[in-house]
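S.K.:
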Amino acid sequence: MLKIGDVSKQSGIGIEALRFYEKSGLLDKPSRTFSGYRVYEPEILERLAFIKRAQVLGFSLD
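At position 8 of the sequence shown (counting the first as 1) the number is 12 in this note's numbering, and the numbers step up by one without a gap.
Structure below.
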């Protein structure tokens, strides 16, 4: 399980962008710890890589 900061560092995508992707429905809502922290499965990094590639190819997030 990865915290949002770990996902941000490993993917190169900012924390605010990750939250935006979640609100926009590009990412599933992550699980949360007892303290309320977002925790992600490692597979989220593959999805984020796909989103980044799509943006490079000219696809918008709309």
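We treat Cβ as the ideally placed atom computed from N, Cα and C, and that holds for glycine.
Below 9 Å between beta carbons: does that hold for R42 and R36?
M.R.: It is a contact, given that the beta carbons lie within the stated cut-off.
S.K.: I need the DSSP call for S28, collapsed to helix, strand or coil.
M.R.: Three-state result, S28: helix.
S.K.: Alpha helix (DSSP H) containing F54: first to last residue?
M.R.: Unbroken alpha helix (DSSP H) run through F54: 48–60.
S.K.: If you run the structure through DSSP and keep just helix, strand and coil, what is L22?
M.R.: It is helical.
S.K.: For L22, which option in Y44, G40, M5 has the closest C-alpha, if you only look at C-alpha atoms?
M.R.: For the residues Y44, G40, M5, the minimum Cα distance to L22 belongs to Y44.
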